[in-house]
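Residue numbers (mature numbering (1 follows the signal peptide of the UniProt record, and there is no 0)): -31 to -1, 1 to 1000.
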């Protein structure tokens, strides 16, 4: 996502900004000063004696008093231009003037503290620090404070702040080995970390699942990886934001990605070979490791290099277990004896020390994870930085031994998407950086221990499902915790409560421009608050100036805003988006009679409901370049769904989900206001969604229908769930298995810990969730269908045993309907709206409970009490479907036309007739069986009874885990002429889920001819389903 260079329209920017600021300054200077609300919270603030407010204006400058601050000054200039459209000149040296921002180093040195700063706001904004980082952090405080100043974003309270971090390292780790994060994602996180005054980004580049760096070792680089040039680019980018990148290549364990390529470096002994660990007895291992370090050390400017060194040889935290595993490996024992070690684990400790010596010879320090307490006996060099994640081995003793420490506690500082997140309230109100755990030895005795460098928040993507989860979803797991962590590790005074922190954090928001995918989602249903809440999860809340509540497109309620032209607007105040983007709206136009009717606007570009000089047609404008119109005029007094899609090739307009027109002019997506400060549109707006990518036709159609996700569950990947809505809300799962679905495949949940992980934010206001469920029941007191930290939908509610929902920590609610655990398919539809929460069963209304909840969307199932049964065809909408729509949705699914129909076959064995292929039993206990003998194939034909529209065929055969079959499937209208539907000639074993093939033909007869069985000369079909409808 690229942001705009606001130099495109300097005259207009300055003129408009000056006009606004002159008006604002008339009353702003008399306002009372207020302590800046920032994250991390300021350590000290003193109001100016006379109070008052400083206001930036078009004559303000940024004065850099030291050449080392010039880059920070230039960055601040660019950020202010994005934030408030002011274009301030950067001046090197000279005498500051009233209205200037002054950046300087503290006189005399070490007057403030490392990375600390003073901020004095009076006639100027004066930021001083002992070092560049301190001054840079002062600029973050200024930007966060300005961002909360209405539309102008120019006023700062007068006073003085002193702010110094309590800890040297304030870090975030991302597991890029198990889930590849794009370079754009990493850059966005660099900016967000800098916004929060964090200073270290630790990238875990390698593990068993991947080696994410371009390597000179043939075959080692994973398909998804970072080139060396990309890493050089990232390091330089991070340096500009005062972030240090710490690289990690994990040795000697977590190395399957390496030993799968360099198989000669694996252990020979059977008990260690499958670990994939490096063989420390092999004379080529250490030279190989050193060569890899040589390859990457020059790319990163950090003063240290992380070598992992944890969980060797196994993950078990037991000295005896580790010793037993080493003693069972002959080459380990032989080599240990040759080197004079009575403890074979000392080969591992020697490896750590040798690599440490090598890294020190390159002028850097070594970092390792906590683990050596479980393996070996010889001393480990205490000049290694000890990344302590367990805190279970006498953490004080490590400090006493001279190790510098990082608090990486898995108790408090681990985010494992889909599995666990820190208790954010505890983290804010109780945790301290010198505490690893609640155990007596899980903390330092001196909170100011000089060996405690700092702490680190971790994002571990251990779940094999996480590669399929979008980055935007992973961000949802990180965002709030990162802000909590940033405040606590800075050493800030706590606010009144965690709730107070959340309220303040909401007002501050994220660094401007931050977001992935859906970057703005405005339901517009709360005009009375004066705010347009952003449901995207990225905190881009808008402020309403002028529009008033109105009935939405459903015709009831106040779920929309009425704009009356002129200056009616919602101020978003984000950087425009260049390149690819999408903006969609539900709008009911009123004829404005204006020269232009702006729907979305900025100083650079505009989306218009009525284009100037175009007869009222919808259009786009790039200021200073031209006005462009689509061949479409929005009707007056009628709701329409408009979607604008921008790319480098031009801009397209979709109307009610269908492509209307494309023009060859590219424009940025304007992100200053919905509506405009001048010549706003006239009409009613029900919804606005903004994306930083160009949606395709399928996704645009989903926006029109209100479809958020559609999981058809037809994938073959062992952990992936792909979203058919086109909106890329993919997911991954742990526990469920592929099984026969209502149509094609489904996912079978076994209860307990089974779940599909989406990490999507819950949907408030109106929503619908529809799904096919085949419940088999369990002994669990509750069976969860969908869940999040706030709520859950349940197919079996605790105590009542009926379908229900739960507001976590508040109450459990039940409908009167009990879902049978009889293995039959039922279509459940849950609907949330102003009336409460409703249930429909098989397309028919069941009941409404007068309690509203947000639709829980973090997971299907739950990590502790999932339901037992199979699901298929999950659809989620961000609107409440009506009864007719729900009935239509239920009726839209094809039925199994073959069930119980007449079947004939070439031959069959006694007790295994062809009728067993279309009975209700799809298991190995019921199947058609015919011997091939010397025949080329054996056929089975089902008569559907009449000509039918066939949409799909599913076949299941005898399953034993290894055997496979070859076959053809054909359809015929008359039983004479046959049309191919599908053929299987590959050697994948038959599965319980069977094979599903989409089809599109009219037929009365469907024939399966089985030509090969890898196990013997018999052929089998245990289940044949033909989906479609009568003609």
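Heads up, the beta-carbon is just placed ideally off N, CA and C, and yes, glycines get one too. Computed from a predicted structure; not experimentally measured.
Following the DSSP letters along the chain, one finds residue 667 inside the alpha helix (DSSP H) bounded by residues 666 to 674. Bounds of the beta strand (DSSP E) holding residue 982 are 964 to 982. The three-state secondary structure of residue 459, taken from DSSP, is helix. Bounds of the alpha helix (DSSP H) holding residue 164 are 152 to 164. Contact between residue 962 and residue 708 holds, since their C-beta atoms are separated by about 5 Å, short of 8 Å. The beta carbons of residue 830 and residue 434 sit about 12 Å from each other, so the pair does not count as a contact at 8 Å. Runs of the beta strand (DSSP E) lying entirely within the stretch 364 to 408, each at least 3 residues long, are 373 to 376 in chain order. In the three-state scheme derived from DSSP, where H, G and I count as helix and E and B as strand, residue 504 is classed as coil. A contact is defined here as three or more CB-CB pairs under 8 Å, and the stretch 284 to 300 fails this definition with respect to the stretch 372 to 379. With 16 or more other Cβ atoms from the protein chains shown falling within 10 Å of its own Cβ, residue 178 counts as buried.
Taking every protein chain shown into account, the CB of residue 284 has fewer than 16 other CB atoms within 10 angstroms, so this residue is exposed. Take residue 51, set aside five residues on each side of it, and the residues of its chain with a beta-carbon closer than 6 Å to its own are 481 and 544, in chain order.
Between residue 439 and residue 722 a beta carbon distance of about 23 Å is seen, past the 8 Å cut, so the two are scored as non-contacting. Beta-bridge annotation (DSSP): residue 736 is paired with 801.
In this structure, residue 589 places its C-beta atom within 7 Å of the C-beta atom of residue 620.
In the structure shown, the three-state DSSP call for residue 180 is strand. Across the set 367, 255 and 339, the C-alpha of 255 shows the shortest separation from the C-alpha of residue 324. Sequence-distant partners of residue 801 (beyond 5 residues in either direction) whose C-beta falls short of 7 Å from its own C-beta, in its chain, are 735, 736, 821, 822, 824 and 849. With a cutoff of 7 Å on beta-carbon distance, residue 597 and residue 629 are scored as not near each other.
DSSP places residue 658 in the strand class (E or B) of the three-state scheme. Taking the CA atoms as reference points, residue 637 sits about 11 Å from residue 613. Residue 132 places its beta carbon 7 Å or farther from that of residue 44. In the DSSP secondary-structure assignment, residue 217 is bridged to 173 and 275.
For residue 95, the enclosing beta strand (DSSP E) begins and ends at 94 to 98. Annotation: the continuous beta strand (DSSP E) that includes residue 337 extends over 334 to 338. Apart from sequence neighbours up to five positions away, the residues of its chain that approach residue 297 with a beta-carbon distance below 6 Å are 240, ordered along the chain. Under the DSSP assignment, residue 539 falls in the beta strand (DSSP E) whose first and last residues are 538 to 540. In this structure, residue 719 sits away from residue 841, with a CB-CB distance that is not shorter than 7 Å. According to the DSSP assignment, residue 643 belongs to the beta strand (DSSP E) that extends over 642 to 644. Here the stretch 378 to 397 makes no contact with the stretch 325 to 343; the two share fewer than three CB pairs at distances below 8 Å.
With distances taken between CA atoms, residue 814 lies nearest to 856 out of 856, 321 and 426. Inclusion of residue 152 and residue 172 in the CB contact set at 7 Å is not warranted, their separation being larger than that value.
In the structure shown, residue 269 falls within a coil segment according to DSSP collapsed to helix, strand and coil. Straight-line measurement puts the Cα of residue 942 at about 38 Å from the Cα of residue 790. Restricting attention to 230, 125, 270 and 194, the CA atom closest to the CA of residue 257 is found in 230.
Between residue 656 and residue 550, the gap from beta carbon to beta carbon reaches 7 Å or more.
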